[in-house]
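Participant: The structure that follows is given in the form of structure tokens.
In the working numbering, the protein residues as written are 16 to 456.
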């Protein structure tokens, strides 16, 4: 039944996406982030729904009259520069048969992201985009949080099979990025029932992220929750901190033993095989970048089992590999460094840090302007979500996660919206002044 409902809905939306490409953008991100086809069990499981919607949206975009120029803010320029550099390094990839298809995937992500900036503008459309992002991933937070509470959290919370968020660590990272967006939406929501629902979804997503049992996810979640606490009233903050202290005191009686076992590996990482594998992967990517500082080894070089991989590692961390000759970088930073070299890492860090600084400026400036408070809330949500991404992403391969690239683009969208405000304000002020000035004879 799910297969038929989803298939009928997607194909029914094709003419809508042609007529209104901005809705096609929302559909694309819904399919890409939530992966609803992976919640079916029949023919729809492998249907290329994203391609269908993508083609319809692109066709509609060519005919559309409501598109706006791409706002070539620093974030979008850096995205294109990075893509161009990825093209360059792919010519020197260790595994060209894997690198070129991966480059194509990354190029599609960036292309759709740029397309989104042409059709997603204005408070209403940006809000709809936020809602799509929030509930595409918040669905798994809502469901996973309830499941953890009902079952006693004995098992990991994971995402749907065959998706980017299938693994517990990847799901935790995605939830950490979307929790602040849920809070930002709640802060700007006027309907009380929907506001409460957004807050409940955010809380359940915190629970789901925690019980993913991902150590990198825990660190990112701690950063997200800490920054969100500064956004609530002082009285509420005191209540939350007090409740957290009470829970911490009774943690051994409440939480499953598995939580403490995982926490112990954070303190004693030298004895943990998984942690040592990460340390080895990081040293491999660091040493490889020193050997190939301009090009790295290209996309997907760590997927081919090339014996050269292990030669770049530190032997003191290699005991856990037991004959294996490859592993993912386990870090967005070392992933970019090993695959594309120091120049690409510099551009990537410039993009990350520059986006955070831009969001901070948008948050502060928008708060001072009447009618622009929603930009302040949205910028704050994206900023905290990216901070969670920077921390959790330090422990897994997610440099090309499409949600992160969308956040960079949303930053440019919000900047465009804020820039349009003073122009209108000044125009109105000049008109008022002119009307009030008497004609001189």
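Note that CB positions come from ideal geometry on N, CA and C, so glycine has one too.
#1: Measure how close the beta-carbons of residue 223 and residue 213 come, nearest whole angstrom, since I'm counting them as under 8 Å.
#2: Count the other CB atoms, across all protein chains shown, that sit within 10 Å of the CB of residue 59; report buried if there are 16 or more and exposed otherwise.
#3: Using 10 angstroms around the beta-carbon of residue 435, count the other beta-carbons present and answer buried if the total reaches 16, otherwise exposed.
#4: Quick check: is any heavy atom of the ligand HEM less than 7 Å from the C-beta of residue 88?
#5: Pick out whichever of 45, 350, 346, 87 has its Cα sitting closest to the Cα of residue 406.
#6: Is there contact between the segment 307-327 and the segment 107-117, where contact requires at least three CB pairs shorter than 8 Å?
#7: Please go through the segment 115-145 and give each complete beta strand (DSSP E) segment of 3 or more residues, from N-terminal end onward.
#8: Where does residue 221 sit, in a helix, a strand or coil, going by DSSP?
#9: Quick check on the burial criterion: 16 or more other C-beta atoms within 10 angstroms. Buried or exposed for residue 69?
#10: So the alpha helix (DSSP H) residue 50 belongs to, where does it begin and stop?
#11: Can you give me the start and stop residues for the alpha helix (DSSP H) that residue 411 sits inside?
#12: Considering only their Cβ atoms, is the gap separating residue 401 from residue 422 smaller than 8 Å?
#13: What did DSSP end up calling residue 388 once you bin it into helix, strand or coil?
#14: Please report the distance separating the alpha-carbon of residue 164 from that of residue 350.
#15: Using a 10 Å radius around the Cβ and a threshold of 16 neighbouring Cβ atoms, would you call residue 266 buried or exposed?
#16: So is residue 451 buried or exposed if we call it buried at 16+ other beta carbons inside 10 Å?
#17: So, do the segment 225-236 and the segment 425-434 have three or more beta carbon pairs nearer to each other than 8 Å?
#18: Between the beta-carbon of residue 183 and the beta-carbon of residue 236, is there less than 8 Å?
Facilitator: Checking against the coordinates, here is how it stands:
#1: Counted from its first residue, the chain shown places residue 223 at position 208. Counted from its first residue, the chain shown places residue 213 at position 198. That pair is no contact at about 15 Å.
#2: One-based indexing of the chain shown puts residue 59 at position 44. It is buried - the Cβ of residue 59 has at least 16 other Cβ atoms within 10 Å.
#3: Here residue 435 refers to the residue found at position 420 when the chain shown is read from its first residue. Classification for residue 435: exposed.
#4: Absence of the ligand HEM from the depicted structure is noted, as is the absence of any ligand whatsoever, leaving it without description.
#5: By 1-based counting over the chain shown, the position of residue 406 is 391. Of 45, 350, 346, 87, the residue nearest in Cα terms is 346.
#6: yes
#7: Segments of the beta strand (DSSP E) lying fully in the segment 115-145: there are none.
#8: As a position in the chain shown, residue 221 is number 206, starting the count at 1. In the displayed model, residue 221 falls within a helix according to three-state DSSP.
#9: On the chain shown, residue 69 is found 54 positions in, with the first residue counted as 1. Buried is the call here.
#10: Residue mapping note: residue 50 aligns to position 35 of the chain shown, counting from 1. Unbroken run through residue 50: none, as it is neither H nor E.
#11: What you label residue 411 is simply residue 396 of the chain shown in a count that begins at 1. Per DSSP, residue 411 belongs to no alpha helix (DSSP H) and is neither H nor E.
#12: Here residue 422 refers to the residue found at position 407 of the chain shown. Here residue 401 refers to the residue found at position 386 of the chain shown. Contact flag set, yes.
#13: Here the question's residue 388 lines up with position 373 in the chain shown. Three-state DSSP puts residue 388 in a helix.
#14: On the chain shown, residue 164 is found 149 positions in, with the first residue counted as 1. On the chain shown, residue 350 is found 335 positions in, with the first residue counted as 1. Pairing residue 164 with residue 350, the inter-Cα distance amounts to about 35 Å.
#15: Residue numbering aside, residue 266 sits at position 251 when the chain shown is read from its first letter. With a pLDDT of 49 at residue 266, under the threshold of 50, the predicted position of this residue should be treated as unreliable, though the coordinate-derived value follows. Classification of residue 266: exposed, given that the 10 Å Cβ count is below 16.
#16: Translated into positions along the chain shown, residue 451 becomes position 436. The predicted model places residue 451 with a pLDDT of 47, which falls under 50 and marks its position as unreliable; any figure quoted below should be read in that light. Counting Cβ neighbours within 10 Å, residue 451 comes out exposed, since fewer than 16 surround it.
#17: no
#18: As a first step, residue 183 must be located in the chain shown, where it is residue number 168. As a first step, residue 236 must be located in the chain shown, where it is residue number 221. No, the pair does not count as a contact, with Cβ atoms beyond the cut-off.
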